[in-house]
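Engineer: First the structure, then my questions, so here it is.
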Amino acid sequence: MATTVLAPGATRIYQRSALYEWLTTTDHKKIGILYLTNSFLFFLLAGLLALVIRSELAVPGLQFVNSSTYNQLFTMHGTTMIFLVLMPFLAGLGNYAVPLQIGAADMAFPRINALSFWMLPLGGILMFSGFFFGGAAAEGWTSYSPLAQAKYSGSGTDLWIVALLLIGTSSILGSINFLATIFKLRAPGMTLLRMPIFVWTVMVTSLLILLATPVFTSGVFMLYIDRNFGGAFFDPASGGNPILWQNLFWFFGHPEVYILILPAMGVISEVVPVFSRKPIFGYKAFIFATLLIGGLGFSVWAHHMFTTGAVYLPFFSLMTSLIGVPTGIKFFNWIATMWRGKITFATPMLFALGFLTTFLVGGLDGAILASPPVDYALHDTYWIVAHIHFVFFGGTMFGVFAAAYYWFPKMFGARLDEGLGKVHFVLMLIGTWLTFFPMHLLGLEGMPRRIADYSPAAGWTDLNTIATIGSFVIAISVLPFMWNVFVTLRGPRDAGDDPWDAYTLEWATTSPPPPYNFDHLPPIRSERPLFDLKYGHGARRALPAASLATADEGAH
Amino acid sequence: MAAQVQALPAPAHGEQRGIDTALVGMLLFIASEIMFFAGLFGAYFNIRAEHTVWPPQGFELDLGLAAVLTVILVSSSFTMQYAVSRIRKGDRTGMVRAMTVTVILGVVFLLGQAYDYATLGFGISSGVYGTLFFTMTGFHGAHVLGGVIGMSIVLLRGLSGQFSARHHTAVEAVSLYWHFVDVVWIGLFSTLYLLR
Chain A
11 MATTVLAPGA TRIYQRSALY EWLTTTDHKK IGILYLTNSF LFFLLAGLLA
61 LVIRSELAVP GLQFVNSSTY NQLFTMHGTT MIFLVLMPFL AGLGNYAVPL
111 QIGAADMAFP RINALSFWML PLGGILMFSG FFFGGAAAEG WTSYSPLAQA
161 KYSGSGTDLW IVALLLIGTS SILGSINFLA TIFKLRAPGM TLLRMPIFVW
211 TVMVTSLLIL LATPVFTSGV FMLYIDRNFG GAFFDPASGG NPILWQNLFW
261 FFGHPEVYIL ILPAMGVISE VVPVFSRKPI FGYKAFIFAT LLIGGLGFSV
311 WAHHMFTTGA VYLPFFSLMT SLIGVPTGIK FFNWIATMWR GKITFATPML
361 FALGFLTTFL VGGLDGAILA SPPVDYALHD TYWIVAHIHF VFFGGTMFGV
411 FAAAYYWFPK MFGARLDEGL GKVHFVLMLI GTWLTFFPMH LLGLEGMPRR
461 IADYSPAAGW TDLNTIATIG SFVIAISVLP FMWNVFVTLR GPRDAGDDPW
511 DAYTLEWATT SPPPPYNFDH LPPIRSERPL FDLKYGHGAR RALPAASLAT
561 ADEGAH
Chain B
53 MAAQVQALPA PAHGEQRGID TALVGMLLFI ASEIMFFAGL FGAYFNIRAE
103 HTVWPPQGFE LDLGLAAVLT VILVSSSFTM QYAVSRIRKG DRTGMVRAMT
153 VTVILGVVFL LGQAYDYATL GFGISSGVYG TLFFTMTGFH GAHVLGGVIG
203 MSIVLLRGLS GQFSARHHTA VEAVSLYWHF VDVVWIGLFS TLYLLR
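Written out as structure tokens, the structure reads:
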């Protein structure tokens, strides 16, 4: 195996405190881990907000918070989950994995990389500080005018705006970094069509961030000008147009949902082949589908605005239906990859399978809404809440956890415990379905979203209680994961370089890799260079795991 | 199995093939900036389409001053490109001179814009046209200021002898940015002053 032998003392040139090291690092691996840690902390915070929301909704009546606080809770929960949890989780995974997977020493701009990261905790703290300055933002994460105007909302919204400017800039700089890295720092032989699918998805996501986020930034600036300098962008009384905000927001907001799902799909496309002992089925078709999603992603934003009456329904309905096709192609890829493979149900694979089932439902929920009459009926109901959570929690978060279990041995040199991992998976899957599936039915029954209370006569109580129980199951499911990480980090670091018998370059170096990543690289002749090295270029299937163990021992 | 590893050296960081990585970064940054201004222009045309009278009554612009400023900014793109061509030939003195002229032209543009702001008969809060005008030209002005700062840094680095015919990525990068700022102004001038 490609064992990278380190010269003594090569890992550290001179001694500095570990804290100083982490605060000032420009190493993409450390920054990646910082991203993941920061995202996890905000995940816990946003999860706590969600638990308060669900507790309030468990039964009719206002038990815990008043409506005003409730508005702040769901606004901060949504904004935090999207901008401070899901996006940075994926950026962190990309930061860690992309340079390793393409055989580079680091990102193209390491110091800008550190800047991108440090804007996130700063933005997060600013946004949450709203709770101490007369209440946090309370207009929902979409922040529509006139509700978001100074007349109706306090300084929490200004802090929300400033935070999103910072976080948006962080994403844009991050995407520039990813694209420059992928364009310029690929190892010799790593052509575009030999890049791991995860790298492809990060690349397309970065293009989406690069082209969509600045439009959001401009919109957020306009909102700030309206609120603080007497501007009139979204004020019809002075000649402005509130629908303009919706156009600007969703021109970003819809590509954003692909920004949030594509790298998770990339993770699944790394995990499924490795644990099925087969190459990904239809590599090029998968890439084509990813590019197609990226392109079509810019032509569907107004399906969020069907009920405004201000958009051309046939066009956006057609494009929205079309964008389901490439996702269907991907499902075909994943299922065909598993077909007649030697599947092992390790925790990363379990989370990948969880992704496939839950995300499928979430995707179909959305495809139904492409039809304007259906959308008119379901707009702003709990159906939408069910859809977004099936896609983002059942999809992206499952992908993130699949990646966490998959890459943890690379990051820290130790494998997470499989038993605790399976407990985590089962609880999280049950919790997800228990929480979010009833929301479909609530939506069909007409329960509007963003309400703090409902009438006992509405008949929504049972389903809401079930959803609340489910949300606590999700919360409990995170505990075995945290315990797992804690115990594993205190245990021996004996995972070895390549514990999964994987295919891609990150497994060709030590676990954890040295600061410069590689001493030497295997020759790259396909999208699976490490597989070629172990089994010979052109081999279709890996050896069964048993014979592999002996082969592995021979290598060391 | 270790024997099978062909000792392919890991690429050293910063190894260059084709276009410089820093320039790729600048081009990508400019792509994001184009989308930022696309948002502002989109807002302008969206709001303009809703009005039958445009610009609304009582909003008079100083076309003459703007035309002079346009000439100044467009000229500065030429002096900038001259600076780039000088350093490509290794002529550091020529680069420094041309860059100095470019910085001065940029500053004159900013002063002209400040004068324009001070003398216009409306403000950012006097209706949607004022909001649009000051937001669009204001963000452009901020970009000009950013360019002037960037050029000044390049100028100081040039004075201390950091650039040569082979190593002058920063000059190329700041020139790309400056041309972009110039093109945005041409778009703004056409939209706000000529198309009306």
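Residue numbers (the numbering used here), protein chains in the order written: chain A, 11 to 566; chain B, 53 to 248.
Even for Gly, the Cβ is constructed at its ideal location relative to N, Cα and C.
From which residue to which residue does the alpha helix (DSSP H) around residue 390 of chain A run?
Structural biologist: For the purposes of this step, residue 390 of chain A is taken as residue 380 along the first sequence, with counting starting at 1. Here residue 390 of chain A belongs to no alpha helix (DSSP H), and DSSP marks it neither H nor E.
Engineer: Can you give me the start and stop residues for the alpha helix (DSSP H) that residue 295 of chain A sits inside?
Structural biologist: For the purposes of this step, residue 295 of chain A is identified with residue 285 of the first sequence, where counting begins at 1. Annotation: the continuous alpha helix (DSSP H) that includes residue 295 of chain A extends over 293-306.
Engineer: Chain B partners of residue 221 of chain A, CB-CB under 8 Å?
Structural biologist: Translated into the one-based positions of the first sequence, residue 221 of chain A becomes position 211. By Cβ distance, chain B contributes 83, 84, 87.
Engineer: Whole angstroms are fine: how far does the CA of residue 532 of chain A sit from the CA of residue 543 of chain A?
Structural biologist: Position 533 of the first sequence, counted from the start, is the residue given in the question as residue 543 of chain A. Position 522 of the first sequence, counted from the start, is the residue given in the question as residue 532 of chain A. Straight-line Cα distance between these residues: approximately 7 Å.
Engineer: For a contact meaning CB atoms closer than 7 Å, what does residue 190 of chain A contact in chain B?
Structural biologist: The count along the first sequence starts at 1 and reaches residue 190 of chain A at position 180. Within 7 Å Cβ-Cβ: 73, 76, 77, 80.
Engineer: How would you list, in chain order, the residues of chain B whose beta-carbon sits under 9 Å from the beta-carbon of residue 232 of chain A?
Structural biologist: As a first step, residue 232 of chain A is located in the first sequence; it is residue number 222 there, counting from the start. Near residue 232 of chain A (Cβ distances below 9 Å), the residues of chain B are 91, 92, 95, 183, 187.
Engineer: Mind checking residue 250 of chain A: buried by the 16 CB within 10 Å criterion, or exposed?
Structural biologist: For this step, residue 250 of chain A is matched to residue 240 along the first sequence. The residue is buried, with at least 16 neighbouring Cβ atoms inside 10 Å.
Engineer: Just reading off the alpha helix (DSSP H) that residue 420 of chain A is part of, what are its end residues?
Structural biologist: Counting from 1 along the first sequence, the entry for residue 420 of chain A is found at position 410. Residue 420 of chain A: member of the alpha helix (DSSP H) spanning 408-422, first to last residue.
Engineer: So with Cβ pairs under 9 Å, would you call residue 224 of chain A a contact of chain B?
Structural biologist: Residue numbering aside, residue 224 of chain A sits at position 214 when the first sequence is read from its first letter. It does; some Cβ of chain B falls within 9 Å.
Engineer: I'd like the span of the alpha helix (DSSP H) that includes residue 43 of chain A, first residue to last.
Structural biologist: In the first sequence, the residue the question calls residue 43 of chain A occupies position 33. Residue 43 of chain A -> alpha helix (DSSP H) spans 38-67.
Engineer: Tell me the residue span of the alpha helix (DSSP H) that contains residue 318 of chain A.
Structural biologist: The residue labelled residue 318 of chain A in the question sits at position 308 within the first sequence. It is not in any alpha helix (DSSP H) - residue 318 of chain A carries neither H nor E in the DSSP assignment.
Engineer: Would you mind reading off the limits of the alpha helix (DSSP H) that contains residue 214 of chain B?
Structural biologist: Residue numbering aside, residue 214 of chain B sits at position 162 when the second sequence is read from its first letter. No alpha helix (DSSP H) contains residue 214 of chain B, which DSSP labels as neither H nor E.
Engineer: Note down, in chain order, all residues in the segment 108-122 of chain A with a beta-carbon under 9 Å from any beta-carbon belonging to chain E.
Structural biologist: Absent here is chain E; the protein component of the structure consists of chains A and B.
Engineer: When you compare only the Cα positions, how much space is there between residue 245 of chain B and residue 389 of chain A?
Structural biologist: Numbered from its first residue, the second sequence carries residue 245 of chain B at position 193. Numbered from its first residue, the first sequence carries residue 389 of chain A at position 379. Roughly 42 Å separates the two Cα atoms.
Engineer: Give the single residue among A:331, A:73, A:490 whose Cα lies nearest to the Cα of residue 381 of chain A.
Structural biologist: Here residue 381 of chain A corresponds to residue number 371 of the first sequence, with the count starting at 1. Closest by alpha carbon: A:331.
Engineer: Whose C-beta lies closer than 7 Å to the C-beta of residue 158 of chain A among residues of the same chain, with five residues either side of it excluded?
Structural biologist: In the first sequence, the residue the question calls residue 158 of chain A occupies position 148. For residue 158 of chain A, where only same-chain residues beyond five positions count, the Cβ hits under 7 Å are 149, 167, 233.
Engineer: Which residues in chain A have a C-beta closer than 9 Å to the C-beta of residue 108 of chain B? List them in chain order.
Structural biologist: Mapped onto the second sequence, residue 108 of chain B falls at position 56. Chain A residues near residue 108 of chain B: 249.
Engineer: Quick one: list the residues of chain A neighbouring residue 198 of chain B, beta-carbon separation under 9 Å, in chain order.
Structural biologist: Here residue 198 of chain B refers to the residue found at position 146 when the second sequence is read from its first residue. What residue 198 of chain B touches in chain A: nothing, since even the nearest Cβ is about 13 Å away.
Engineer: Taking the alpha-carbon of residue 359 of chain A as reference, which of A:432, A:324, A:341 has the nearest alpha-carbon?
Structural biologist: In the first sequence, counting from the first residue as 1, residue 359 of chain A sits at position 349. Considering only alpha carbons, the answer is A:432.
Engineer: For the candidate residues A:185, A:113, A:255, whose alpha-carbon lies nearest to that of residue 199 of chain A?
Structural biologist: In the first sequence, residue 199 of chain A corresponds to position 189, counting from 1. Among A:185, A:113, A:255, the Cα nearest to that of residue 199 of chain A belongs to A:113.
Engineer: What number of angstroms, rounded off, separates the C-alpha of residue 267 of chain A from the C-alpha of residue 159 of chain B?
Structural biologist: Residue numbering aside, residue 267 of chain A sits at position 257 when the first sequence is read from its first letter. Residue numbering aside, residue 159 of chain B sits at position 107 when the second sequence is read from its first letter. Those two C-alpha atoms are separated by around 42 Å.
Engineer: Against chain B, does residue 228 of chain A count as a neighbour if the rule is that its beta carbon must be under 9 Å from one of theirs?
Structural biologist: Numbered from its first residue, the first sequence carries residue 228 of chain A at position 218. Taking Cβ atoms only, chain B reaches closer than 9 Å to residue 228 of chain A, which makes this a yes.
Engineer: Are the C-beta atoms of residue 224 of chain B and some chain A residue less than 9 Å apart?
Structural biologist: Translated into the one-based positions of the second sequence, residue 224 of chain B becomes position 172. It does not: the Cβ of residue 224 of chain B has no partner Cβ on chain A nearer than 9 Å.
Engineer: Compare the C-alpha of residue 91 of chain B against each of A:416, A:257, A:459, A:212 and name the closest.
Structural biologist: Here residue 91 of chain B refers to the residue found at position 39 of the second sequence. It is A:257 whose Cα lies nearest to the Cα of residue 91 of chain B.
Engineer: Quick one: grab the DSSP three-state call for residue 531 of chain A.
Structural biologist: Against the first sequence, residue 531 of chain A aligns to sequence position 521. Looking at residue 531 of chain A - three-state DSSP - the assignment turns out to be strand.
Engineer: Can you find a C-beta in chain A that's less than 9 Å from the C-beta of residue 70 of chain B?
Structural biologist: Within the second sequence, residue 70 of chain B is the residue found at index 18, counting from 1. Yes, contact with chain A.
Engineer: Whole angstroms are fine: how far does the CA of residue 86 of chain A sit from the CA of residue 229 of chain B?
Structural biologist: As a first step, residue 229 of chain B must be located in the second sequence, where it is residue number 177. As a first step, residue 86 of chain A must be located in the first sequence, where it is residue number 76. Computed Cα separation, rounded: 36 Å.
Engineer: DSSP has residue 166 of chain A in a bridge; who is on the other side?
Structural biologist: In the first sequence, the residue the question calls residue 166 of chain A occupies position 156. A:146.
Engineer: Please specify which runs of the alpha helix (DSSP H), each continuous and at least 4 residues long, are wholly inside the segment 86-140 of chain B, giving them in chain order.
Structural biologist: 115-140
Engineer: With a threshold of 16 other CB atoms inside 10 Å of the CB of residue 214 of chain A, please say whether the residue is buried or exposed.
Structural biologist: For the purposes of this step, residue 214 of chain A is identified with residue 204 of the first sequence, where counting begins at 1. Under a 10 Å Cβ-count criterion, residue 214 of chain A is classified as buried, with 16 or more other Cβ atoms of the shown protein chains found around its own Cβ.
Engineer: Output yes or no for whether 9 Å exceeds the beta carbon distance between residue 223 of chain A and residue 181 of chain A.
Structural biologist: Locating residue 223 of chain A in the first sequence gives position 213, where the first residue counts as 1. Locating residue 181 of chain A in the first sequence gives position 171, where the first residue counts as 1. Yes, they are a contact pair.
Engineer: Fully enclosed by the segment 63-120 of chain A, which alpha helix (DSSP H) runs are 4 residues long or longer?
Structural biologist: 77-89, 97-111
Engineer: Starting from the beta carbon of residue 257 of chain A, find every residue of chain B whose beta carbon is closer than 8 Å, and list them in chain order.
Structural biologist: Translated into the one-based positions of the first sequence, residue 257 of chain A becomes position 247. In chain order: 94, 98.
Engineer: If you compare alpha carbons, which of B:104, B:111, B:203, B:112 is closest to residue 150 of chain B?
Structural biologist: As a working mapping, residue 150 of chain B is identified with position 98 in the second sequence. Considering only alpha carbons, the answer is B:203.
Engineer: Report the CB separation of residue 400 of chain A from residue 375 of chain A in whole angstroms; it is logged as a contact under 8 Å.
Structural biologist: Here the question's residue 400 of chain A lines up with position 390 in the first sequence. Here the question's residue 375 of chain A lines up with position 365 in the first sequence. Indeed, because the Cβ distance is near 6 Å, the residues count as touching under 8 Å.
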